[in-house]
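Following this line, the structure appears as structure tokens:
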């Protein structure tokens, strides 16, 4: 486009080149907010005017970011607000322009707040799986879905992979899906939005997600890693939108067999691995290999169940006969019996051993709270904002007529539940998570009601509220999923219990 002694060209890479009558030129990176603000601030009245005319003609070829920022620019020199740094200046016509781009703020390696890792020494088996994932991601250059039953170790394998290959990647992002649509889980990652310098000009979730993807693809350093944990079928529609190989390696964990992705099925532990796992958490010498196998073979060496059973045996001091009889008694007490369906079988078995773990009132109460939180790592700081002292302590004491309950202490209770295996802790980030299966078992066994969650609901409501006009709604996004999860849990756990019994 030519006019007012200026020529404007749109290059194939999305850059706009403005050339004036003296053959000086300014290039605007239409995908970089800082560069757009910088260059618009230096254009004269004629250039702003013809740029807007050009934008109307090429609207479908320009980014929403550029269109929005240009629409706010006045055809009067130097009125666009922006962070203008001291760069080398050159003269183009009668206008002073910045020749160099604004130095890009260094983007951190860890793009999201939580990047859970685990040392390979902490797990049993799976070393061959880690190597296979490395081959698939680095050499076969595929998007890999680690598929398998809940509690079998998919997330743990992903954590070990991140730990083992940490130095091989320039940037790492970890998104855990807790909503029905993974787009919302990206949008609710406050740290990711901040690290990518995504501003408030985007308000709709799909717009924010689109900008996140664009920014990730623009990162100059490579290769990078994105882990999508607990993904569901909503990811299928995003296959062509996600960053691509070789710049980005995408590792997905899912209980569902997602279409159009390379599936790597994670199977149960072998007999030998399951025995080693049990012995790792239960050091008692009065358990023979044959006895351990008799205890864990009914659940086909399911990783999470073996670990929990071993911790209960160690903590509660059960010998083989005592543990065996207690499990049988609890299994008979369950309405549902073990059958050939692996999910039902493991759920039933876990429910039976739940009652073997002696938990006090505070521990049981905190278990209920975690069962209503998103299945994600929660920092200790966030937990102190969410979880208050239970007000129902005296009521429980009066009903049970047992010894007085100890004063609730969040730190001590977290420690005890982690030691007993019901919670997992990330020592590096001081954050905690409850496995999805354990959340379901907690709801089935403890049968919580609205009273149990009253304080939690009040905390989430307060965190979601705008205290004043200066509050940024974007920073409230992370708490939306907490509200969604507790709403779905309270309204749906009775249905889950009914399904479990029928």
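Residue numbers (the numbering used here): 823 to 1324. A virtual CB, placed ideally from N, CA and C, is assigned to each residue, including glycine. All of these numbers come straight from a predicted model, not from anything done at the bench.
The same chain holds no residue with a CB closer than 7 Å to that of residue 950 once the five nearest residues on each side in sequence are set aside.
Boundaries around residue 1051 are those of the beta strand (DSSP E), 1046-1051, since no alpha helix (DSSP H) includes it. In its chain, beyond the 5 residues on either side, 1006, 1010, 1286 have a beta carbon closer than 8 Å to the beta carbon of residue 1302.
Rounded to the nearest angstrom, the gap between the Cα atoms of residue 1237 and residue 1017 is 32 Å. Listed in chain order, the alpha helix (DSSP H) elements of length 4 or more contained wholly in the segment 1055-1136 are 1093-1103, 1111-1118. The shortest CA-to-CA distance from residue 1023 to any of 1212, 1310, 892 is the one to 892.
Under the three-state reduction of DSSP, residue 1187 is assigned to helix. Per the DSSP secondary-structure output, residue 1254 pairs in a beta bridge with 1200, 1247. At least 8 Å separates the beta-carbon of residue 1182 from that of residue 1230. Relative to the Cα of residue 1112, the nearest Cα in the group 1088, 1143, 973 belongs to 1143. Ranked by Cα distance from residue 1127, the options 1109, 1108, 1110, 1103 are led by 1103. The C-alpha of residue 991 is placed about 27 Å away from the C-alpha of residue 836. Residues of the same chain with a CB within less than 6 Å of the CB of residue 1038, apart from the 5 flanking positions on each side, are 1065 in chain order. Restricting attention to 1241, 848, 930, 1202, the CA atom closest to the CA of residue 1042 is found in 930.
Under the three-state reduction of DSSP, residue 998 is assigned to strand. A straight line joining the alpha-carbon of residue 1114 with that of residue 1034 spans about 49 Å. Across the set 1276, 1045, 1058, 1076, the C-alpha of 1045 shows the shortest separation from the C-alpha of residue 1067. The three-state secondary structure of residue 1308, taken from DSSP, is helix. Counting along the chain, residue 962 sits inside no beta strand (DSSP E), nor does DSSP assign it H or E at all.
In the DSSP assignment, residue 831 forms a beta bridge with 839. Three or more Cβ pairs closer than 8 Å define a contact, and the segment 1051-1062 falls short of that threshold against the segment 1085-1099.
Note that the C-beta distance between residue 952 and residue 983 is below 8 Å. DSSP places residue 946 in the coil class of the three-state scheme, outside both helix and strand. DSSP places residue 852 outside both helix and strand once states are collapsed to three, so it counts as coil. Here the C-alpha atom of residue 1129 lies approximately 10 Å from the C-alpha atom of residue 973. Cβ contact annotation for residue 956 (same chain, cutoff 7 Å, sequence separation greater than five): 987, in chain order. Spanning the alpha carbons of residue 1310 and residue 1261 requires a straight line of approximately 13 Å. Bridge pairing for residue 847: 841 [DSSP]. With a threshold of 16 other beta carbon atoms within 10 Å, residue 1124 meets it and is buried.
Within its own chain, the residues whose Cβ lies closer than 6 Å to the Cβ of residue 1239, once the five positions on either side in sequence are excluded, are 1185, 1245, listed in chain order. In the three-state reduction of the DSSP assignment, residue 1152 falls in the helix class.
DSSP, reduced to helix, strand and coil, places residue 1195 outside both helices and strands of the structure shown, so it counts as coil. Contact between the segment 1249-1260 and the segment 1191-1207 is present: 3 or more CB-CB pairs across the two stretches fall below 8 Å.
Closest in alpha carbon position to residue 1204, among 996, 1242, 1255, 1268, is 1255. Comparing C-alpha distances from residue 999 to each of 874, 1052, 947 shows the shortest one belongs to 1052. The distance from the Cβ of residue 1057 to that of residue 1074 is about 7 Å, consistent with a contact at the 8 Å cut-off.
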